[in-house]
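Chains as they are written, first to last, in my numbering: chain A, 94 to 212; chain B, 87 to 619.
By construction, the Cβ of each residue, glycine as well, lies at the ideal position given by its N, Cα and C atoms.
Remarks on the structure that follows.
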């Protein structure tokens with residue numbers, strides 16, 4: 094199971110990094126999403142992987158079997174934050190696309206021109 | 087327990103919420119409430135600073151949960167100093183935003199401003215690593231809104247870059263936290279310090295990875311080379327007051343570096359000096375890149391942004407020594423460079439408002455209020471370049487002084503001194519193009535005509551449309567207020583120079599407290615109900 098989780102995290106991070114390095118906003122947004130999935134799985138695994146154990150202490154169980162609940166709480170927070178951030182970046186990318194007519198990430202020529210005119 | 091410790095977080099949150107819910111359509115009410123909120127925030131910060139100056143560390147347990155499990159806020163002298171600095175900057179720059187009319191250029195300026203302050207204040211106060219991440223996100227979300235305030239294609243494009251690089255930073259931050267949690271089993275900073283100190287040296291490879299990952303996150307925030315790419319276009323395209331407020335945001339990164347690598351990973355811990363070894367070369371290159379940018383910049387916004395990068399380089403050189411003296415020098419330079427870069431951005435915005443919104447360093451006729459603005463630019467440039475008599479000079483002397491013991495001191499000294507020369511020339515050239523040459527405009531044009539060259543750049547463009555994404559001086563609510571705001575920042579710089587001795591005594595006390603983390607750890611973990619011992 095450890096190898097499977099590690100491969101999943103690695104593959105998603107690699108795909109995410111590749112996509113983030115593209116020069117257009119849409120692949121970059123998808124890449125960011127991939128990266129945040131990878132990180133969520135990584136955070137989940139940081140409390141050690143365990144099968145069939147609840148994240149709470151059961152006082153009636155014979156031996157105290159439980160898995161660390163904190164990484165689950167952290168992952169939940171991280172998921173919420175990354176959802177919100179993805180929404181922000183999508184809207185911002187849309188705004189930039191509508192205002193400037195293309196979805197390239199790098200600065201247009203107008204930013205380099207001496208008079209700074211955007212027309 | 088003093089409940090005022092949480093006030094800097096709760097107060098802006100409440101005011102921001104009220105503004106969004108009840109005052110959306112009433113600009114005057116927004117301005118009154120938002121300014122009142124910032125002034126009260128400054129008052130609370132000053133009270134907390136007075137409270138913390140006794141040298142004791144105060145801990146606030148949210149919900150009264152015992153420390154390693156619940157979230158704690160903590161107040162020591164360093165946190166108190168940063169609170170006061172942040173709140174002062176917020177009040178002054180907000181006055182500028184109101185006076186120049188920038189806050190009318192889009193929606194929810196004041197609400198976002200308050201949420202931004204909530205994030206900044208929370209990041210300074212928190213004693214929990216994951217909570218630090220959450221407050222980073224709070225201040226970043228608000229800063230995304232502020233950065234694109236007013237819109238326009240260039241600003242939106244720069245905004246996309248800014249958001250994406252910060253999202254990557256957040257991702258790295260989570261990876262670092264996951265690694266540290268997997269090794270130490272805790273996220274409370276004091277508890278983590280205890281666990282790290284007890285760790286056997288042979289099991290530390292994962293811990294080192296975590297420490298370096300965390301370093302990268304803070305370096306992105308502080309814009310250290312090679313993670314500085316987002317800063318120039320962000321700051322140059324953001325509205326002037328927003329860029330000025332961002333001066334405190336890069337200091338959040340510096341603050342976190344100082345906090346984490348004196349408390350959790352001090353130089354004598356198992357991760358040794360791995361971070362300090364990385365910081366010094368990065369800081370030197372940052373300084374060189376920044377000041378060469380000042381020398382070569384053709385756009386005043388970029389010149390100001392790159393001089394901010396340069397000042398961060400100087401600052402981190404001092405931090406990377408990690409001795410009490412060097413941290414003290416770094417803290418003094420932090421206050422100075424925050425005020426100086428904020429003043430530069432505001433002055434650049436004043437010039438832009440009078441030149442039809444453009445800041446390229448080309449010849450244009452004389453602007454309105456040229457003399458007063460030139461004097462202010464001169465003062466701010468002297469401070470930013472580190473010339474006597476303002477505090478930049480004292481700060482640089484302090485940095486030079488603390489690097490004397492380093493084996494590389496010749497390299498460090500020559501880098502600092504040579505790059506200072508670059509900055510002086512760069513600012514001198516910018517100032518003469520903006521303020522001096524316009525007086526010679528007719529002669530220069532006549533000369534060009536005589537030699538058959540095309541005439542230099544034309545007149546200042548006419549007044550912009552009211553909904554243009556750049557602020558125009560004729561839209562300003564009160565130009566006097568903008569001058570008062572910049573004057574207050576410059577007065578802060580003068581005060582830093584005149585009261586250098588008390589200021590240094592304060593930073594010395596802070597550094598001393600930072601290098602003795604035991605009382606901090608005790609007050610978080612031991613002096614509580616149901617404590618371990």
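- prompt: Considering only residues of the same chain and omitting the five flanking positions on each side of residue 359(B), which have a CB-CB separation below 7 Å?
  reply: 353
query: Do the CB positions of residue 520(B) and residue 338(B) come within less than 9 Å of each other?
result: no
query: Counting pairs of beta carbons, one from the stretch 195–207 of chain B and one from the stretch 100–120 of chain B, are three or more of them closer than 8 Å?
result: yes
- request: Go ahead and pull the three-state DSSP assignment for residue 144(B).
  value: strand
- request: Work out the CA separation of residue 178(A) and residue 227(B) for me, nearest whole Å.
  value: 8 Å
message: Considering only DSSP beta bridges, list what residue 274(B) is partnered with.
response: 214(B)
- prompt: Is residue 303(B) near the ligand ZN, with its Cβ less than 8 Å from a heavy atom?
  reply: Absence of the ligand ZN is noted for the structure shown, with no ligands found whatsoever.
task: Report back the beta-carbon spacing between residue 478(B) and residue 470(B) to the nearest angstrom; my notes put them in contact at under 8 Å.
output: 6 Å
- request: Compare the C-beta of residue 91(B) with all C-beta atoms of chain A and state if any pair is closer than 9 Å.
  value: no
- prompt: How about residue 170(A) and residue 216(B): do their beta carbons lie closer than 9 Å?
  reply: yes
Status (buried if at least 16 other CB within 10 Å, exposed otherwise) for residue 395(B): buried
- prompt: How far does the alpha helix (DSSP H) with residue 167(B) in it reach, from first residue to last?
  reply: 163–186
field: Cα-Cα separation between residue 346(B) and residue 274(B), rounded to whole angstroms
entry: 11 Å
task: Taking 9 Å as the cut-off, decide whether the C-beta atoms of residue 145(B) and residue 153(B) are in contact.
output: yes
- prompt: Taking only beta-carbon atoms, is residue 160(A) less than 9 Å away from chain E?
  reply: Among the protein chains in the structure shown, which are A and B, there is no chain E.
message: Short of 8 Å Cβ to Cβ, which residues in the stretch 284–305 of chain B face chain A?
response: none
field: Where residue 264(B) meets chain A, residues with beta-carbon distance less than 7 Å
entry: 135, 136, 139
task: Return the chain-ordered ranges of every alpha helix (DSSP H) run that is complete within the stretch 99–150 of chain B and spans a minimum of 4 residues.
output: 113–138
field: With 16 other Cβ atoms within 10 Å as the buried cut-off, status of residue 482(B)
entry: buried
field: Spatial distance of residue 126(A) from residue 530(B) (CA atoms)
entry: 56 Å
message: Helix, strand or coil, according to DSSP, for residue 116(A) in the structure here?
response: coil
- request: State yes or no: is the beta carbon of residue 492(B) nearer than 9 Å to at least one beta carbon in chain A?
  value: no
message: Strictly below 8 Å CB to CB, what residues from chain B border residue 174(A)?
response: 220, 223, 256
- request: Could you tell me the distance, in whole angstroms, from the CA atom of residue 614(B) to the CA atom of residue 604(B)?
  value: 15 Å
query: Is the beta carbon of residue 285(B) less than 9 Å from the beta carbon of residue 270(B)?
result: yes
message: Does the CB of residue 202(B) have a neighbour CB from chain A at under 9 Å?
response: no
message: Within the continuous alpha helix (DSSP H) that includes residue 453(B), where are the two ends?
response: Counting along the chain, residue 453(B) falls outside any alpha helix (DSSP H), and DSSP gives it neither H nor E.
query: Who does residue 197(A) pair with in a DSSP beta bridge?
result: 117(A)
task: Output the distance between the C-alpha atoms of residue 131(A) and residue 103(A), rounded to the nearest integer angstrom.
output: 8 Å
task: Determine whether the Cβ of residue 185(A) lies closer than 9 Å to any Cβ atom of chain B.
output: yes
query: CB-CB under 7 Å to residue 505(B), same chain, minus the five flanking residues each way: which ones, in chain order?
result: 373, 374, 377, 396
- prompt: Touch check for the stretch 386–405 of chain B and the stretch 568–583 of chain B: three-plus C-beta pairs under 8 Å?
  reply: no
message: Less than 9 Å between CB atoms is the rule here; does residue 155(A) satisfy it with respect to chain B?
response: no
Interface partners of residue 164(A) on chain B, CB under 8 Å: 264, 267
message: Whole angstroms are fine: how far does the CA of residue 149(A) sit from the CA of residue 570(B)?
response: 58 Å
task: Over the uninterrupted alpha helix (DSSP H) stretch that includes residue 307(B), give me the two end residues.
output: 291–308
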